Each structure stands twice: as C-alpha cells, then as structure tokens.
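One structure below.
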Amino acid sequence: MAFPRGSGVESIKCAGHPQRPASTPTASPAEPTLLLSSLPPSNTPNTPNNNNNNNISNSNNTLTMPADTKNQRQRIFLAEDLHKHNSNTDCWVSYNRKVYNISSFLADHPGGDHLLLQYAGKDLGDAMEDPKEHSHSKAAYEMLDDFQIGILGTPETILNPNLIIDDDFKPTATDISKDHLRNQFLDLSKPLIPQMWSAHFSRAFYLQQVHQPRHLSHPARLFGPWYLEMFTRTSWYVVPLIWLPIAFALFHRALQQQIDAGNSTPAAWAKNIVSFLFGNLVWTFLEYILHRFLFHIDDVLPDRPFFLLLHFLLHGVHHYLPMDRLRLVMPPILFAALSHPFTRLAYFLFPVPYANAVISGSFTFYVLYDCTHYALHHTQLPKYVKEMKIYHMAHHFKDADLGFGVTSKIWDYAFGTVLPVR
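The numbering used here puts the first residue of the sequence shown at 1173, with every later residue one more than the last.
Right under this line is the structure:
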C-alpha cells in the first residue's frame, strides 16, 4: 500500500504505530487451496523486505523461493479480480505480483485513507519505495505482508484472434515444465483432477487458463491409477457401438407402435420418417444450445472450487487439451445423463410412437456429431468437412466465445455467434 511521505509510517518502528490486525485476512479456510511450488518472476525493487519474503530469482527459466514462502498456500487472482475491489469498504491492492486486502487498515492509516484509496483495485507500482518522495521501513513491509491474500497469475494468453488456421492445422507440443512454471496452472506431468480439487484459482484465472489450449503427444492423466483412468477415456468407436443400436431399436419400436395403432404400413413408415427427420433437426439445435449455454456457462459459473472442477470435467478439459484423442467424444454415461431430461420432454410433448422416432433421429444425429467432432480434430477430410474443421479449430484456438455450432453452423448464423476464420 502507498504510505506517502508525511503519513507517519516512515517511523513505523516507534511504539506508537498502528497495531497489526488480530487476524490475517485470508480466503475462506473452508475452500480447498493450491499448494504453490513456484511464483511468477517479478522485477522486485531493493526494498528492506526483499531479502526476506520477496526474493524470487529467475535463472535459466527456474524459479527459486526462500524457505519461508515455499509452503504458503495462496489464491491465484487475475488483474480483473483486483479491479473489482476498489472502494473504501472493499479495498485490494497488489505489489510485486502479490495481492493484499487492506480494507481494515484504511481507517488506521496515519496519512488518511484517501492516500490509499487512489490505489484501490490497482497495483502500487513504485509508491512503496520512491526515494524522491518517501521510503518505508522493514516494519512497514512486514505489516503489508499481514494483509496478503494471494498472488496475481500470469496475464499472458495463447489464444490468438489473428491465427491463420488451415485444413492441415496441427498445434505445437506443450513444454510441460515451462508451461507450469510460467502459468502456475496445472502440471501436465501429474494427474489433473487432484490438482483441480486442491487448487485455489479464482474463476477468472481458471477460465483464462483453461481456454489456452495445450497439446500432449499422449493422453493426459486425470486420476492417475489405471483402474480409474479407464473410466475417463472413450475411444471414438464406442459412440456408434452403443447409441446406433439404441436408435435403431427406438425406430423399430416406433414403427411397430404406429402399425399397432391401426396405421397401414406405408403410413406408419411415412410418419416414422418425418418424425425421425424432425429428430435430426432437433439434435442440431440441442448441439448448439448445450455447447453454448451449458458447456460454456462461463459468465454465471460460481466462483467455487467444486464448480470449477465440474466445469473442467464437463468441457474444460476438452478446451485445455483439445487434441486428446481419448477425451474428444462424450462418455456414454455423460450423454445418458444429459439426454435424459430431453427424452422425458419428448414423451411429454408427443405421443409415444412419435416420441420414439424423434429420439431415434436425435440419437442418430448425435452419433454423427460426435464422430464428426473426432474427425475434425484428427483425420484427413473431404473439402466441405475441411471447412468445418477450420471453423471448429478456430473455436478452440482463436475465440472460445464464438463458433458453437460444430456440425450445425446454421445456428451460429441464427444466434449471431458466427466466428470469422479468414
């Protein structure tokens, strides 16, 4: 925090300086936290405290931390998190990539709270150590440390809106050690779910990082042990093997039900085919709606570790590792859960024979969607589908907030979310 000259804090070692708060403001202890093994490098000025808590060196891309900070549990914020806390009742500042909640200190500041409020929601910059204006004692820096609640994560981004994507696009492999050191997100050499469960990311930091695509030459580990990993991986051919027989059975049942209801065979076939085609159309709409409003529920995602983990499992891992072959298609259990309310809705809206045919058509197009989705990431494609691949890769590598239609771009036109790729 900026303690200007004349504020009285220069002589803070005297017995009359304001007392430190009885309890340190921290993130809620009920929330799981991330045990940091590294912090981002910073250009730290030679303040009295630099030899104690802020001495983070950067040599050959390796960060080393003093023993007294290596095992601190910290929450990771972005600058946009900091900017939200900019009032006299909720005042955060940052200094040397550390974040401080100084709300409770404003009234006690010897120079008046107005001197601190000019930095509310901002970085202190050089205000703490400016020889031309004022300097602070070691005790002042120690008092500042009492208010630390986290650190600022890296502001870098890998998504590039100007990236040129062609039909032979292949991402560059991620350097695992450098990526973790630079971004303080997930260590790709270790199981990801335990890291997400114990992490203490802010929502803004998590969403920024999970939408920065990484690429491994092998499937990432989610849980670790093979007997758990086998439930997290789905080969593309599992989708048609499970859902096409179900779709065929529903179509056959619908046809028989139409005949049992007194329709002639030609009439039963006609009604079934129309219902089946309607189901095809319904799926293209559901594909768009689920992708945009469920899988990309970013703006209303609760800022809690459990919900960040749920988002990661549902769709975040696909954006984080978009080329992971075994996590491209939807696991059967997940699709069964997601489709259940919509099948119930179909039976509520339509007579049973028609509902069965509509569901059959939707399931068939789901299989087409998921297999096409896999092909867009990993196979050589005919000309039209190559354009589809370019469009979908742009969703991953240029702008995750546009281009939600994977096989049904028509809905992007309808809802104004078309992603320019040229």
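Don't be surprised by glycine CBs; every beta carbon is placed ideally from N, CA and C. Keep in mind that this is a model prediction, so the values were computed, not measured.
Selection from the options that minimises the alpha carbon distance to residue i
| i | options | result |
| --- | --- | --- |
| residue 1502 | 1387, 1323 and 1406 | 1406 |
| residue 1394 | 1498, 1579, 1325 and 1527 | 1498 |
| residue 1260 | 1274, 1254 and 1440 | 1274 |
| residue 1524 | 1466, 1428 and 1546 | 1428 |
| residue 1296 | 1422, 1373 and 1272 | 1272 |
| residue 1269 | 1356, 1361 and 1487 | 1356 |
| residue 1123 | 1372, 1347, 1354 and 1587 | Here the chain has residues from 1173 to 1594 only, and residue 1123 is not among them. |
| residue 1382 | 1540, 1481, 1409 and 1293 | 1481 |
| residue 1418 | 1344, 1491 and 1529 | 1529 |
| residue 1461 | 1578, 1420 and 1520 | 1578 |
| residue 1463 | 1487, 1445 and 1441 | 1487 |
| residue 1391 | 1547, 1500 and 1366 | 1500 |
| residue 1448 | 1320, 1424 and 1431 | 1424 |
| residue 1345 | 1495, 1266, 1512 and 1574 | 1495 |
| residue 1475 | 1582, 1257, 1378 and 1320 | 1378 |
| residue 1380 | 1522, 1575, 1526 and 1252 | 1252 |
| residue 1479 | 1292, 1278, 1263 and 1365 | 1365 |
| residue 1316 | 1441, 1434, 1276 and 1349 | 1276 |
Beta carbon of residue i nearer than 8 Å to that of residue j
| i | j | result |
| --- | --- | --- |
| residue 1324 | residue 1403 | no |
| residue 1580 | residue 1456 | yes |
| residue 1162 | residue 1452 | Nothing can be reported for residue 1162, as the shown portion of the chain is limited to 1173 through 1594. |
| residue 1375 | residue 1473 | yes |
| residue 1385 | residue 1255 | no |
| residue 1353 | residue 1493 | no |
| residue 1539 | residue 1412 | yes |
| residue 1548 | residue 1567 | no |
| residue 1431 | residue 1437 | yes |
| residue 1575 | residue 1563 | yes |
Counterpart residues of residue i in DSSP-defined beta bridges
| i | result |
| --- | --- |
| residue 1249 | 1324 |
| residue 1616 | Residue 1616 falls outside the range modelled here, since the chain spans only 1173 to 1594, and no answer is possible. |
| residue 1373 | 1248 |
| residue 1258 | 1263 |
Chain B contact for residue i (CB, 8 Å cutoff)
| i | result |
| --- | --- |
| residue 1381 | Structure shown: chain B not included; a single protein chain is present. |
**OP:** At 4 residues or longer, and completely inside the region 1452-1523: list those alpha helix (DSSP H) runs for me, N to C.
**Re:** 1477-1483, 1489-1492 and 1504-1521
Subject >> Cβ contact check for the region 1462-1474 and the region 1345-1359: 3 or more pairs under 8 Å >> reply: no
**OP:** Write down every uninterrupted run of the alpha helix (DSSP H) in the region 1384-1439 whose length is 4 residues or greater and which is fully enclosed by it, in chain order.
**Re:** 1398-1401 and 1410-1432
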